[in-house]
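>
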Amino acid sequence: MRTSADSADSAVFVPHFHWDREWYEPFQVFRHRLVAALDTVLETAEANPDFRFTVDGQMAAIEDYLEMRPGSRDRIAALVAGGQLAIGPWLILLDEFLCSGETIVRNLRMGWEAAAELGGPMPVGYLPDMFGHVAQMPQILARAGFEHAALWRGVPGSVEGHAFRWRAPDGSEVRTEFLFDGYDNGLDVLLVPDRIGRALGEYARMTADRWGGDPVLAMAGTDHNAPDARLTQWLRRASSDERAITVATLDEYIREHVRDEVSAVVTGELRSHVRGNILPGVLSVRLGLKQRMAVAERTVDHAERANALWSRRDDSPFLSVAWHKIIESTAHDSVVGSGTDETCDQVDARLAEAAQTARAVRDAALAEVAALVPGDGHLVANPLPFARTAAVEVDVVAPPEGGALVATAADGSTHPVQLISPGPHRTQRRDDGRRAARTGAAPDPPP
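Per our numbering, residue 1220 is the first one in the sequence shown, and the count goes up by one each step.
Spelled out as C-alpha cells, the structure:
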C-alpha cells in the first residue's frame, strides 16, 4: 500500500479555467474573452497531444464559443474524441438554492445532450464554485448515472482527506473529490517555471495528510484565463523518477489515480464555511431576480403541461428556448445578483423573455380548449397534477344592483359568487362588464 511519503512529490496537473459567464462584466464582454481563451486552448491542444483541458464542467462555454466560431465544431469534437478535451456535463454551473429541482435536472439533461453531440460529457458532477450544495444533489447525480463529483465550498471540517462519500437523504451517494484548497490550488506551484519541482514538493509535504498516498491533484487554472501554452513543457522539465508529474483531465485523474475506499461520509446539504465562504448574503440580495426566476419556472412548467394535454400543435421548440434562458440565468453569479447592475438587468430581461415565451405557449393551448366552451362560459384549467379547490377570479357582465350571481359548472353544480369590484371595466369582449369573483368551493378540476 502506498503511503503519503511515497507520493509526496507526485502530482497530476489538470489544466482548466473557471468561466463565470456574467458577473463583474456583462455576458458579451466576457464572451469576447472566452473566444480568445478557447482559441488558445484549441491551438495548444492541436499542437501538443500531451495537453489536456477541462472546460469547467459547463457546456454554455462551448455553445457561446461556437456561436462566434461555428467552424471550430469539428475541431472540438476531434479533441473530445482524442481525450484531450473534457466537456460538460452541466449546461451551466448553477446556484443550487435559487432554482427549482426541475431546473437542476433540466440543466444536467440539456448539458449532457449538448456534450453528447460533440463526443460525450465528462462523467463527473463538477460543482467547483457553487455557494453551498443542496442535499439532493448526490441523488440527482446518482440517478443520472454518475459515480463521482468534485466540489469546493460547503464541506464540513469533519472531512480530513481529499475525498468523501456524499450521501443524499434517500441513501444515494457519490464519491466526491474535495477541492479543499479551491479550484486553483496548482497555480502557486506554477508561478516560477524553473522552481515548479521545489514548489510542488513543498506543497505536497504541507498537504500530505490530505492525500493519504494518492497523487496531488493540482488544479492548474483560475477565472477567465487559459493556461500558458508552455505548461506541459514546464511540467515535463520538472518531472523526474523521484517526482512524477503528469497532465490529465479531471476525469482521468479520478479514474486512474484515486482509490474507491473512502471512509468519510457526509449526509445532506453542504453549508459549511470551514474551507470556503458560501456567501449566504446572495440569497437575499436583488430579490426581484429571485421572484422573476420563480415566475419563469412556474410559467414554463404550466405551459409544458398545457401544450402536452390540450394543444394540437407542437410548441416544444418554444419551451426549449424558455428552459434554456431560465437555466442560463441560474448561473451562480447571475440569479444570485452578485454582478453589476448592467449584468443583473440582462438576467432580468432573459427571465422575462422565458416567461413571455412560455406564457404564449400556455395561452395558445388553453385557447384551443376555451373555444369549446359556450360563449357565456369560462374555462377553469388546473395546471397541477392533482385535483384541488380554489377561488377563481373572472370578468363577467354583472346584473343590476341587487341581482344575484350564480356560477354553474359543466356538471350542473352551482357555486357561490361574490362581486368584488362593481363598476365599468374594459375587457376583451365588452366595455360594460362588472368584475366578479367566485369564492368557496370550485368543482375540483382534475389535473
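Ideal Cβ positions, reconstructed from N, Cα and C, are used throughout, including at glycine.
Any contact of the region 1259 to 1267 with the region 1487 to 1506, i.e. 3+ C-beta pairs under 8 Å?
The region 1259 to 1267 vs the region 1487 to 1506: no contact.
> Is it right to say valine 1411 is buried, meaning 16 or more other beta carbons lie within 10 angstroms of its own, or is it exposed?
Exposed, by the Cβ-count rule.
> Less than 7 Å between the C-beta atoms of isoleucine 1323 and alanine 1279, yes or no?
Not a contact, by the Cβ cut-off of 7 Å.
> Based on DSSP bridge pairs, tell me the residues matched to leucine 1304.
Phe1272.
> By the DSSP assignment, the beta strand (DSSP E) with proline 1536 in it spans what residues?
Unbroken run through proline 1536 is the alpha helix (DSSP H), 1535 to 1548; no beta strand (DSSP E).
> Do you know offhand how far phenylalanine 1232's Cα is from glutamine 1575's?
Distance between the alpha carbons of phenylalanine 1232 and glutamine 1575 is about 45 Å.
> Rank Trp1385, Ser1291, Asp1564 by C-alpha distance to the C-alpha of tryptophan 1242 and give the top, closest one.
The candidate whose alpha carbon is nearest that of tryptophan 1242 is Asp1564.
> Below 8 Å on the Cβ atoms is my contact criterion, and I expect proline 1340 with glycine 1307 to pass it. Report the Cβ-Cβ distance as a whole number of Å.
That pair is a contact at about 3 Å.
> Could you say which of Ala1368, Ser1377, Pro1234 lies nearest to proline 1357 if we only look at CA atoms?
Answer by Cα proximity: Ala1368.
> Can you give me the start and stop residues for the beta strand (DSSP E) that valine 1625 sits inside?
Where valine 1625 is concerned, the enclosing beta strand (DSSP E) stretches over 1625 to 1627.
> Serine 1503 by DSSP, collapsed to three states: which one?
Here serine 1503 sits in coil by DSSP.
> Alpha carbon to alpha carbon, what distance is there between tryptophan 1309 and glutamine 1277?
Taking the straight line joining both Cα atoms gives about 5 Å.
> With three or more C-beta pairs closer than 8 Å as the rule, is the region 1293 to 1307 touching the region 1266 to 1276?
Yes, since at least three Cβ pairs between the region 1266 to 1276 and the region 1293 to 1307 fall closer than 8 Å, the two stretches touch.
> Does DSSP put methionine 1329 in a helix, in a strand, or in coil?
In the structure shown, methionine 1329 sits in a helix (DSSP, three-state: H, G or I).
> Leaving out the 5 sequence neighbours to the left and right, which residues in its chain are closer than 6 Å to valine 1613 when beta-carbon positions are compared?
Cβ neighbours of valine 1613 beyond the five flanking positions: His1597.
> Under the rule that 16 or more other beta-carbon atoms within 10 Å means buried, what is serine 1557, buried or exposed?
By the 10 Å Cβ count, serine 1557 comes out buried.
> Touch check for the region 1535 to 1544 and the region 1503 to 1521: three-plus C-beta pairs under 8 Å?
Verdict: yes, contact present.
> Grab the span of the alpha helix (DSSP H) containing tryptophan 1453 for me, first residue to last.
1450 to 1457 is the span of the alpha helix (DSSP H), which, as asked, contains tryptophan 1453.
> Can you check DSSP and say which residues form a bridge with leucine 1489?
In DSSP, leucine 1489 forms a bridge with His1352.
> Which of helix, strand or coil does DSSP assign to glycine 1344?
Three-state result, glycine 1344: strand.
> May I ask which residues mark the beginning and end of the alpha helix (DSSP H) holding valine 1254?
Unbroken alpha helix (DSSP H) run through valine 1254: 1246 to 1266.
> Leucine 1469 lies in the alpha helix (DSSP H); which residues open and close that run?
Residues 1469 to 1476.
> Could you tell me how far apart the beta carbons of valine 1484 and arginine 1384 are, in whole angstroms, since I believe they sit closer than 8 Å?
Right, the Cβ-Cβ distance comes to about 5 Å (below 8 Å), so this counts as a contact.
> Can you tell me whether histidine 1551 is buried or exposed, with buried defined as 16 or more other CB within 10 angstroms of its CB?
So histidine 1551 ends up on the buried side.
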